[in-house]
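In this text, residue positions in the sequence shown follow the numbering used here: the first is 862, and each later residue adds one.
In this text, a Cβ means the ideal position worked out from N, Cα and C, and glycines have one as well.
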Amino acid sequence: MKKKTILTMAVGLVLGLGFAQENMNENPNFGDFDTNADMEVDMTEFSNGMGEYSSWDLDSSGSLNSDEFNQGFWTSLDTNGDGVVSQDEWNNSLAQWGDDSTMAADLDADANSEISEEEFASYDNTAFTNFDTDANGEISETEYQEGVFGLVDTNADDMISEDEFNEAVNLLHSQDTSM
C-alpha cells in the first residue's frame, strides 16, 4: 500500500502540481502534453510537460539527491511554510494528487493530525528508492522522467495514450481525502 501511495503522489506531482504552476485554474489535459497532436505522448513530450524537477534540483547538478527530493516533496505539502502539514494542507494536496489515508496515518507518528517535517523525514523513503533505479543515491532527470512516465504508461508500449493519460488524471481525482 505504501508503494502505491507514494507512486500515486509522484504522478500527481507531475500531472497536478507541475502543470498547475503555469495553469493554476486548469487541470492538465492530454493536449497539453501531446504537442504534435498525434494522439500519443512520447517520452520527449512527457518530459517537456513536467515542471517541478528543475525547481527541486537546488544545486543544479542535473540530479536530485535524497535531501533535494524530500525537500521538494515536503515543500509541496507544507504550502504555508509553517513546518507542519495540517489537515487542511493534507486534504488540499490530496485534491491535487489523490491518495489513501494509509500514508497519513504512517506519517503522523504522534497522531496529532499534523505531520511535522521530522515525521516526514523519518518516513520510509520508498519514493526515492523507487526512482533511484541505479541505486547511486541520486535521481537523475532521466530516472525521474522514466519513473513517472512508466507509471502512466500502463501497457508499457513507451507511449501514453489519451486513455492512459485520462486514467491517471481520474485516479488522482477519485481518491479518498481523509487523513
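Residues bridged to residue i [DSSP beta-bridge criterion]
i	result
Glu-901	Ser-1022
Glu-999	Asn-926
Ala-946	One detail in the question is off: residue 946 reads as Val in this sequence, not Ala. Bridge partners of Val-946: Ile-976.
Buried or exposed (CB count within 10 angstroms, at least 16 for buried), residue i
i	result
Gly-1008	buried
Leu-919	exposed
Gly-997	First, the residue type needs correcting, since residue 997 is Asn and not Gly in the sequence shown. Result: exposed.
Glu-950	buried
Glu-979	exposed
Asp-971	exposed
Asn-973	exposed
Asn-931	buried
Asp-895	buried
Asp-1014	buried
Cα-Cα separation between residue i and residue j, rounded to whole angstroms
i	j	result
Asn-1031	Phe-907	18 Å
Asn-953	Leu-968	17 Å
Ser-977	Asp-899	45 Å
Glu-1028	Ser-921	33 Å
Asn-1016	Phe-891	17 Å
Val-902	Thr-994	23 Å
Ala-982	Thr-1003	24 Å
Leu-925	Thr-936	15 Å
Leu-1012	Gly-942	29 Å
Met-904	Glu-929	23 Å
Leu-938	Gly-923	23 Å
Ala-966	Asn-897	43 Å
Glu-1023	Ser-927	32 Å
Glu-887	Asp-893	Residue placement at Glu-887 cannot be trusted, given a pLDDT of 47 that sits under 50; what the coordinates show is reported in the next sentence. So the alpha carbons of these two residues sit roughly 11 Å apart.
Trp-917	Gly-910	16 Å
Met-885	Ser-1001	In this predicted model, Met-885 has a pLDDT of only 37, less than 50, meaning its place in the structure is not dependable enough to derive any value.
Thr-1089	Glu-999	The question about residue 1089 has no answer, for the chain in this structure spans 862 to 1040.
Glu-1025	Gly-933	26 Å
Check: residue i C-beta below 7 Å from any heavy atom of the ligand GTP
i	result
Ser-947	No copy of the ligand GTP appears in this structure; indeed no ligand is present at all.
Nearest-angstrom Cβ-Cβ length linking residue i and residue j, presumed shorter than 8 Å
i	j	result
Phe-989	Tyr-1005	Not quite, the Cβ-Cβ distance comes to about 10 Å (not below 8 Å), so this is no contact.
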